[in-house]
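Numbering (our numbering), first residue to last: 2 to 92.
In this text, a Cβ means the ideal position worked out from N, Cα and C, and glycines have one as well.
Given the structure is predicted, the values throughout are model-derived calculations rather than measurements.
Report on the following structure.
Right under this line is the structure:
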């Protein structure tokens, strides 16, 4: 298992871990439909929802081991990607 903030960085869903921590803290990232902390553990099969400014990305975790994440293997599969109006709240 790996921390959620570290997973987002290593899987390249976010460029920096500090940005991932901030987005998780403000509630723009949910794990299994729940608002969580940056230190929450990610496991295989978990669903991560990320609300970017203009889109919402939903992914399923395929790899949860840090060593494999660093090898550039496909760490997730995209379940859904939808574009939203800038004023619209994702959830």
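Buried or exposed (CB count within 10 angstroms, at least 16 for buried), residue i
i	result
residue 50	buried
residue 84	exposed
residue 80	exposed
residue 75	exposed
residue 34	exposed
Cβ pair residue i, residue j closer than 8 Å
i	j	result
residue 4	residue 54	no
residue 42	residue 62	no
Own chain, CB closer than 7 Å to residue i, minus 5 neighbours either side, in chain order
i	result
residue 28	36
residue 56	82, 83, 84 and 85
Own chain partners of residue i with C-beta closer than 6 Å, once the 5 adjacent residues on each side are dropped
i	result
residue 58	51 and 82
residue 11	70
residue 30	24 and 51
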